[in-house]
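Q: Before I ask anything, let me first share the structure, which is written out below as structure tokens.
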Amino acid sequence: MNPTNPNNIFQAAGGVKTVTVEEEVAAAEKRVKAMRARVDELTAESKEAKAESNEAKKGLISIKRKSMTEGATKEELDEAAEEVTKKQKKLKDAQYAQMEGIAKLAVAVMELAEKKEEAKKRTDKAKEAPKDMNLKKDKEWAAHVLKQAQQRQKEKLQTSQPKIHEGAAEPEPER
């Protein structure tokens, strides 16, 4: 694994393929998309179960009315009540599955948001790091060049001034 590459977040033992943050974000987006589709299916099933439950309730109510006016049998009432109970259980199961799917979707969306935030931080760091490194190198280079220039200037001053030894005559000023 290249530790200087901020996109490498882990590498499995044995040199298995390195997964980048972008790949993790893409995978999380696929999971969220699949979960949204599943939640849509569960919602449709829940609506269908609710409609069936309402129909069963209406059937039970009509049989009760019939029993009051025409005298429906006990078997008809029991069958209708049993049908309503089955439909309501199916409705509750569908609603529970829908709520569970929504909860899983919420967790997946939160994970996706975290992955995107992590990817943004890593890309921001990746953008800043080279600038900082270049800036540091540029500063070092500039300091080195400045020192060289100062040293050359000192040398130039020393060579341009004649060395005066004891006993040597001073040069005459020009007229």
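Numbering-wise, my numbering comes out as the position in the sequence shown, counting from 1, plus 8. Built from N, CA and C at the ideal position, the CB exists for glycine as well.
Tell me the DSSP secondary structure of Thr-28 in three-state form.
A: Residue 28 sits at position 20 when you count from the first residue of the sequence shown. Thr-28 falls in the strand class under three-state DSSP.
Q: Roughly how many angstroms lie between the CA atoms of Glu-119 and Ala-102, to the nearest whole one?
A: By 1-based counting over the sequence shown, the position of residue 119 is 111. By 1-based counting over the sequence shown, the position of residue 102 is 94. Between Glu-119 and Ala-102, the C-alpha separation is close to 26 Å.
Q: Taking just the CA atoms, how far does Thr-131 sit from Lys-164?
A: Against the sequence shown, residue 164 aligns to sequence position 156. Against the sequence shown, residue 131 aligns to sequence position 123. For Lys-164 and Thr-131, the distance between alpha carbons rounds to 49 Å.
Q: On the premise that Ser-54 lies in contact with Gln-106, defined as a C-beta separation below 8 Å, what is that separation, rounded to the nearest angstrom?
A: To locate residue 106, count along the sequence shown from 1; it is residue 98. To locate residue 54, count along the sequence shown from 1; it is residue 46. With a Cβ gap of about 5 Å, Gln-106 and Ser-54 count as contacting.
Q: Ignore the nearest five residues each way along the sequence and tell me which others in Arg-46's own chain have a CB closer than 7 Å to its CB.
A: Here residue 46 is taken as the residue at index 38 of the sequence shown, counted from 1. So the list reads Gly-109, once near-sequence residues are dropped.
Q: If you check the beta carbons only, do Ile-71 and Ala-80 fall under 8 Å apart?
A: Position 63 of the sequence shown, counted from the start, is the residue given in the question as residue 71. Position 72 of the sequence shown, counted from the start, is the residue given in the question as residue 80. Yes; because the gap between Cβ atoms is below 8 Å, this pair is in contact.
Q: Below 8 Å, how does it come out for the segment 123-130 and the segment 26-43: are there three or more Cβ pairs, yes or no?
A: The segment 123-130, when compared against the segment 26-43, does touch it at the 8 Å Cβ threshold.
Q: Near Leu-50, what residues of its chain come up, given a Cβ to Cβ distance below 6 Å and the 5 sequence neighbours on each side ignored?
A: Taking the sequence shown and counting its residues from 1, the one referred to as residue 50 is at position 42. Only Ala-105, Gln-106, Gly-109 meet the Cβ criterion.
Q: Less than 8 Å between the C-beta atoms of Arg-39 and Ala-111, yes or no?
A: Numbered from its first residue, the sequence shown carries residue 39 at position 31. Numbered from its first residue, the sequence shown carries residue 111 at position 103. In this structure, Ala-111 does not lie closer than 8 Å to Arg-39 by Cβ.
Q: For Glu-78, which of helix, strand or coil comes out of DSSP?
A: In the sequence shown, the residue the question calls residue 78 occupies position 70. Reduced to three states, the DSSP call for Glu-78 is coil.
Q: Which whole-angstrom value is the C-beta distance of Val-92 and Ala-64, which I expect to be below 8 Å?
A: Locating residue 92 in the sequence shown gives position 84, where the first residue counts as 1. Locating residue 64 in the sequence shown gives position 56, where the first residue counts as 1. With 8 Å as the limit, Val-92 and Ala-64 qualify as a contact, their Cβ atoms being about 4 Å apart.
Q: Our contact map puts Lys-135 next to Val-29 with C-beta atoms below 8 Å; I'd like the distance itself, whole angstroms only.
A: As a first step, residue 135 must be located in the sequence shown, where it is residue number 127. As a first step, residue 29 must be located in the sequence shown, where it is residue number 21. Not confirmed; about 14 Å, so no contact.
Q: Using 10 angstroms around the beta-carbon of Ala-157, count the other beta-carbons present and answer buried if the total reaches 16, otherwise exposed.
A: Position 149 of the sequence shown holds residue 157. Exposed is the call here.
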